[in-house]
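Read the structure below first, then the notes.
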Amino acid sequence: MSGHSQFDLLKQRRFLPYFTVQALGAFNDNVFRQAIIGLLGVMAAAGLLDESTRGTYTQLAPAVFILPYFLFSSIAGQFAERTEKSKLIRITTAMEIAIMSLAAVGFLLQDMRVLLVALFATGVQSTLFGPVKYSILPSVLKPEELTGGNGLVEMGTSIAVLLGMLFGGLIFTVAGEHGTQAAAVAVILLAIAGNVLSRMIPAVPASAPDLKVQWNPIPESIAILKLARKQVAVRNSILGVSWFWFTGTVLTGNLPVYAETHLGGTPTLYVFALAVFSIGVGVGSLLCEKLSARTVEIGLVPLGAIGMSACIVHLGFAPAIAAKGLDVAGFLQQAGAWRVVLDLAGIGLFSGFFVVPLFALIQSRTPRDELSRVIAGMNIQNAIFIVAAALGGVALQQLLGWSIPQVFLALGIASIVVAAWIFSLVPEFLMRFLSWLLVRTLYRLKLHGIEKNVPDEGAALLVCNHVSYMDALILAASIPRPVRFVMYYRIFNIPVMRWIFKTAKAIPIAGARENPELMQRAFDEVDAVLAEGELVCIFPEGALTKDGNIAPFKSGVEKILERRAVTVVPMALKNMWGSMWSRRANAKEGSAFDRMRVPRRLRAHVDVVAGEPVEGATATAELLEAKVRELRGEAA
578 MSGHSQFDLL
588 KQRRFLPYFT
598 VQALGAFNDN
608 VFRQAIIGLL
618 GVMAAAGLLD
628 ESTRGTYTQL
638 APAVFILPYF
648 LFSSIAGQFA
658 ERTEKSKLIR
668 ITTAMEIAIM
678 SLAAVGFLLQ
688 DMRVLLVALF
698 ATGVQSTLFG
708 PVKYSILPSV
718 LKPEELTGGN
728 GLVEMGTSIA
738 VLLGMLFGGL
748 IFTVAGEHGT
758 QAAAVAVILL
768 AIAGNVLSRM
778 IPAVPASAPD
788 LKVQWNPIPE
798 SIAILKLARK
808 QVAVRNSILG
818 VSWFWFTGTV
828 LTGNLPVYAE
838 THLGGTPTLY
848 VFALAVFSIG
858 VGVGSLLCEK
868 LSARTVEIGL
878 VPLGAIGMSA
888 CIVHLGFAPA
898 IAAKGLDVAG
908 FLQQAGAWRV
918 VLDLAGIGLF
928 SGFFVVPLFA
938 LIQSRTPRDE
948 LSRVIAGMNI
958 QNAIFIVAAA
968 LGGVALQQLL
978 GWSIPQVFLA
988 LGIASIVVAA
998 WIFSLVPEFL
1008 MRFLSWLLVR
1018 TLYRLKLHGI
1028 EKNVPDEGAA
1038 LLVCNHVSYM
1048 DALILAASIP
1058 RPVRFVMYYR
1068 IFNIPVMRWI
1078 FKTAKAIPIA
1088 GARENPELMQ
1098 RAFDEVDAVL
1108 AEGELVCIFP
1118 EGALTKDGNI
1128 APFKSGVEKI
1138 LERRAVTVVP
1148 MALKNMWGSM
1158 WSRRANAKEG
1168 SAFDRMRVPR
1178 RLRAHVDVVA
1188 GEPVEGATAT
1198 AELLEAKVRE
1208 LRGEAA
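Residue numbering for the sequence shown is 578 to 1213, as defined by the numbering used here.
Right, here's the structure in full:
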């Protein structure tokens, strides 16, 4: 596992053309929008526009672009569901060529009405592309690649937006009197490049080819919003993504004025601040795969929320810089400048930790034949939050007279409240954070055979040796899919750990002599979970090992398979014996240090091994015990 890298995806045809097309599309969108702003400046300087008209166009442009998300997202989600995905991407990039040709006419004629029509059409094209942009990933990536793939997409989008803004903003500066021609040619060539690259994307079958398109946007928008709210974890993940957009809108919308009035900078300082934030998002997005060990690790979401909120609040308290007209070098020499830089980088970094696992969770927990519509519903909600952020920022400053630092401070406090609310509704986020923190602090996991042998979908029974109280958490951190663990009820009821196990929907079980009713309930629940196509993990020894050796497997595993003969994956944990969470042999006779329940070393290496699957119809307790013993070898 350690030899894998998310960057390997950039060498593969199933991902690279798609990645390039979506990044190029984001780049061209921002080149186009910034070129419009540049043209407004040129026209104002030439006396073709007064400042009032220029301001009206500047404020109108974002509204024109985002309006299609409200009008057409429901239709876009349905088309993405019923159309072969690479074909739909080719259609949307072909639309982009036509739209940018219209935009080129607007630039050459210096006609803002034509450009606003083209901008609206660009919003329509982005609306159509949005659902397929994210719904295609689970079809082309393995579950263990989802976090890395989403990280690359978020990084690519963030950097493409930044570069597009820079390129579009410089067109009229560099090209001078030929700026309109340069802008016209640039947007057309970029659109053509995107369409050419889209033809290299391999075919991805439609997820619901027989879906009948409902054309009325209002009832269908309501329907897909309800669809997006069907699962609690998905619903609140979508809320988290929308809050990410809300936060980004408030920050980036106020950054130009903040850089000038509070940081004493020139327009180049705004670009620098935006670059720091964007690069932070890119780095945070890329780090998610490393921190999650290639699983959909939603434990990173609370970490991202806490860090993002803290950095925003800290930025809100940053003192103003007295000097004016500073370039980047001059700004960095001022007292408190690096504080601001680190805050912006931190907001971006933790935003990546926050949003990438949310996208991965939405993709992994939503049925394939609903995912495009769920993404479309998310886009509608995102648009609502973006508009609310823009209007809210204006209201706080214009009506209440708040300064931008006060707006940032309010945003940071609101982020804390929203995060706490989400985590109270879905304790799984906080549970995964605590277990992720515990496992990653104490151990360095080495995974063997997980990707190859644990099925990507469908029911399977995992059987593993039982060494420590941490076994379930370690396995959960190692397997990309959610796992339901069957565990001895006394372990399930350990204080603090009980909350984690209960939130993870572990299944407590007791021996027939201890509590036959609880045992029967456990077997019934295991069968129901397997019937739903989920993963179940049991520890057939029935108790922690007392001496480091594997105890004989009990017959409970056979009872499960008699009722439902699913595939069985033998697994083994190595190097956990002797840890603070295991039963140490002869601890009473050892030294005082041996008797202490403290870790002997942090970041200890632990191996998690998955063997070849065994057919449930032929599996016996004896056979599975032999398989697990072979996988574990001599390393207890």
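The C-beta atom is built at its ideal place from N, Cα and C for all residues, glycine as well.
Owing to the predicted nature of the structure, the values given are computational and were not obtained by experimental measurement.
The continuous alpha helix (DSSP H) containing A680 extends over residues 662-686. For P796, the uninterrupted alpha helix (DSSP H) segment begins and ends at 794-805. DSSP, read as helix, strand or coil, puts V641 in helix. T670 is not a Cβ neighbour of S784, given a cutoff of 7 Å. For the 7 Å CB-CB criterion, M677 and I765 form a contact. For L1014, the closest C-alpha among the options D1184, A695, S582, P879 is that of P879. DSSP places H755 within a helical segment (H, G or I) once states are collapsed to three. By the neighbour-count criterion, in which 16 or more other beta carbons inside 10 Å mark a residue as buried, K719 falls on the exposed side. Between A960 and the set T824, I736, Q758, the nearest pair of CA atoms involves T824. Under the criterion of beta carbons closer than 8 Å, N813 and L1002 qualify as touching, at roughly 6 Å.
Fully contained in the region 1066-1143 are the following beta strand (DSSP E) runs of length 3 or more, in chain order: 1084-1086, 1112-1115. Residue N831 holds the alpha-carbon nearest to the alpha-carbon of G893 among Y847, L926, N831, E1207. Of the other Cβ atoms in all chains shown, fewer than 16 fall within 10 Å of the Cβ of Q1097; this residue is therefore exposed. Secondary structure remark: continuous alpha helix (DSSP H) runs of at least 4 residues inside the region 581-651, in chain order: 593-622.
With a cut-off of 8 Å on Cβ pairs, the region 1111-1130 is in contact with the region 1025-1042, counting three or more such pairs. M742 sits in a helix when the DSSP states are folded into three classes. Here L586 really is in contact with L729; their C-beta atoms are around 6 Å apart, less than 8 Å. If you check the CB distance, S869 and T1018 do not come in under 7 Å. Under the three-state reduction of DSSP output, G842 falls in the strand class. Counting along the chain, L919 sits inside the alpha helix (DSSP H) bounded by residues 914-942. The DSSP-derived three-state label of H1043 is coil.
Under a 10 Å Cβ-count criterion, K710 is classified as buried, with 16 or more other Cβ atoms of the shown protein chains found around its own Cβ. Around the beta carbon of H1025, a 10 Å sphere encloses 16 or more other beta carbons of the protein chains shown; the residue is thus reported as buried. When the five nearest sequence neighbours on each side are left out, the beta carbons in the same chain lying within less than 7 Å of the beta carbon of T845 are those of D904, V905, in order along the chain.
By the neighbour-count criterion, in which 16 or more other beta carbons inside 10 Å mark a residue as buried, N956 falls on the buried side. For the set A1081, A675, A836, the Cα lying nearest the Cα of A914 is the one of A836.
About 12 Å separates the Cβ atoms of R950 and I799, ruling out a contact at the 8 Å cut-off. Excluding sequence positions up to five before and after P594, its CB lies within less than 6 Å of the CB of L774, M777, I778, all in the same chain and listed in chain order. For a cut-off of 8 Å, the C-beta gap from G700 to Y646 is around 7 Å, short enough to register as a contact. Here L1050 has S1012, L1015, V1016, I1077 as same chain residues with Cβ atoms under 8 Å from its own Cβ, once five neighbours each way along the sequence are excluded. For K1023, the enclosing beta strand (DSSP E) begins and ends at 1020-1025. Where A1187 is concerned, the enclosing beta strand (DSSP E) starts and stops at 1181-1187. At a Cβ-Cβ threshold of 7 Å, N1070 and V933 do not count as neighbours.
The alpha carbon of T750 has as its nearest neighbour, out of V619, A987, Q974, the alpha carbon of V619.
In the three-state reduction of the DSSP assignment, A1053 falls in the helix class, which pools H, G and I. Within the same chain, Q702 come within 6 Å of M672 by CB-CB distance, once the 5 residues on both sides are set aside.
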